[in-house]
Amino acid sequence: MDVDHFETLLLEAEKVMELKGENIEFAFNTSPIMQFIFLVFLFNIFIALVEMLVDAVWLEKRSWKDTGANMFIFFINTFLSTTVIGVVAIVALIPFSLLQFYTFPINLSTWMLAILAADFLYYWMHRIEHKSRILWAFHVVHHSSEDYNLTIPKRLSWVQDLQEWVFLVPMVLIGFDVFQTIVAFVLVSQYQNWIHTKKIGKLGVLEYIFNTPSAHRVHHGTAKHHIDKNFGGMFIIWDRMFGTYQHEDEEVVYGITRNIKTTNPLKINFIEYWHIWKTVRMCSRWRDRFKAVFGPLNWQPKNVN
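Per my numbering, the sequence shown starts with residue 24, numbered consecutively.
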C-alpha cells in the first residue's frame with residue numbers, strides 16, 4: 024500500500040466518523056427514548072428527595088453531612104457528564120464502529136437485546152472494578168459511604184466516564200449502534216437508583232431475576248461473605264450464573280473495609296489515588312510499580328508489612 028492510498032483511506036475514514044458523529048448527535052437530540060431517560064432521571068431525584076423528607080420527619084438515622092456530600096458530587100458529576108467528560112465515550116467508540124460487519128437496526132427487539140448485552144458487560148466491568156486497584160479508585164467513591172440511602176447512587180466518581188466506555192467496545196464490535204450502546208448502558212445505570220434503600224425488603228420471586236434492594240445491600244456490605252458479591256446491574260442472573268450471588272442473611276454494615284471517615288467531596292473522589300501513589304513510592308522496581316497501580320486491591324511491595 025503506497026502513502027497516497029493510505030492517506031485516501033484515512034480521509035475516507037475521517038469522513039465516515041464525522042458523519043457517524045453527526046448522526047449520533049442527532050439521535051441524542053431527537054430520539055424519544057431520551058425523553059424517557061430524562062423522566063427516569065427526574066423520578067430518581069424525586070424519590071431521593073422524598074426519602075430525605077421521610078427521614079427528616081421521622082428522625083431516621085442518617086448522616087446529613089454525607090447526604091450533602093453525595094448531592095454536591097452529583098451536581099458536579101451531572102455537569103461533567105453532560106459536557107466535557109461525557110463526550111469521551113462517543114468519541115472513543117465511533118472508531119470501533121468502523122470495524123462492524125453489520126449494524127443492527129434500532130427497534131424494540133434490538134433495544135431489549137442491547138439492554139441485556141449492556142447489563143452483561145456491566146456485570147464484568149463491575150466485577151473487574153473490584154479487583155484492579157486503579158479501577159477500584161474510580162469505583163470506591165460509590166462504596167465509601169457508611170450510609171445507605173437513595174443519595175448513594177448519586178455518589179459516583181467525577182472521572183469514571185474516562186474508563187467505562189472501554190467495556191462497551193464489544194457491543195459496538197458485534198453490531199450495536201454507538202447511540203444505542205451508550206443509552207442501553209445509561210438505562211442499566213439509572214435502573215440501579217431505586218435499589219439503594221433500606222426501606223424495601225425482599226421481593227419474592229423477583230430476587231431470582233432482578234437486582235433488588237436486598238441483593239444490592241449485600242453488595243455494599245463489609246462482612247467477609249458480602250464482599251465482592253452481587254455485581255449485577257439490572258439483572259442478578261449473571262451473579263447466579265458465575266458464582267458471585269449472596270442472599271441477604273443478616274443486617275448489613277455498610278462502607279469499605281477501611282473507611283475514609285470524611286465528607287469532603289474532593290477527598291471522597293481522589294483519596295484512593297493518593298493511596299496508590301503512596302504505594303508506588305514504596306516500590307523500587309517497575310514491575311512492582313505496575314502492580315501497585317493495576318494489581319489487586321490489597322497488594323503491597325514485599326518490603327512493606
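Glycine included, C-beta positions come from ideal geometry on N, C-alpha and C.
Being a predicted model, the structure only gives us computed values, none of them experimental.
Item                                                                                                                               : Value
Entirely enclosed alpha helix (DSSP H) segments - the stretch 55 to 111, minimum 4 residues                                        : 55 to 80 and 87 to 104
Bounding residues of the alpha helix (DSSP H) (the contiguous stretch that carries Asn287)                                         : Looking at the DSSP string, Asn287 is not in any alpha helix (DSSP H), and its letter there is neither H nor E.
Best match in Cys306, Ile291, Trp261 and Lys301 for proximity to Lys88 [C-alpha to C-alpha]                                        : Ile291
Beta-carbon proximity check, Arg85 vs Asn172, cutoff 8 angstroms                                                                   : yes
Close beta carbons around Thr220, own chain, < 8 angstroms, minus the five adjacent residues each side                             : Glu74, Tyr171, Asn172, Leu173 and Pro236
CB contact flag (Thr245, Gly278, <8 angstroms)                                                                                     : yes
Closest Cα partner of Met46 within the set Thr285, Phe124, Ile96 and Ile129                                                        : Correcting the residue identity first, residue 46 is Asn in this sequence and not Met. The shortest C-alpha separation from Asn46 is found at Ile129.
Cut-off 7 angstroms between Cβ atoms - residues of its own chain near Val164, not counting five sequence neighbours on either side : Arg178, Leu179, Ser180, Ile291 and Asn292
Beta-bridge partners of Tyr296, as assigned by DSSP                                                                                : DSSP, once it has assigned bridges, lists no residue as partnering Tyr296.
Residues bridged to Phe190 [DSSP beta-bridge criterion]                                                                            : According to DSSP, Phe190 bridges with nothing at all.
Touch test, the stretch 203 to 212 against the stretch 47 to 67, Cβ-Cβ under 8 angstroms, three pairs minimum                      : yes
Simplified DSSP state of Tyr277, which is helix, strand or coil                                                                    : strand
Status (buried if at least 16 other CB within 10 Å, exposed otherwise) for Gly338                                                  : Not covered by the structure: residue 338. The range shown for the chain is 24 to 328.
Alpha-carbon spacing of Gln123 relative to Thr286, whole angstroms                                                                 : 45 angstroms
The ligand ATP heavy atom lying under 7 angstroms from the CB of His165                                                            : The ligand ATP is not part of this structure, which contains no ligands at all.
Pick from Arg308, Ile138, Thr267 and Trp134 that is closest to Ser212, judged by C-alpha positions                                 : Ile138
Leu62 versus Val209, Ser104, Leu136 and Phe119, residue with shortest Cα-Cα distance                                               : Val209
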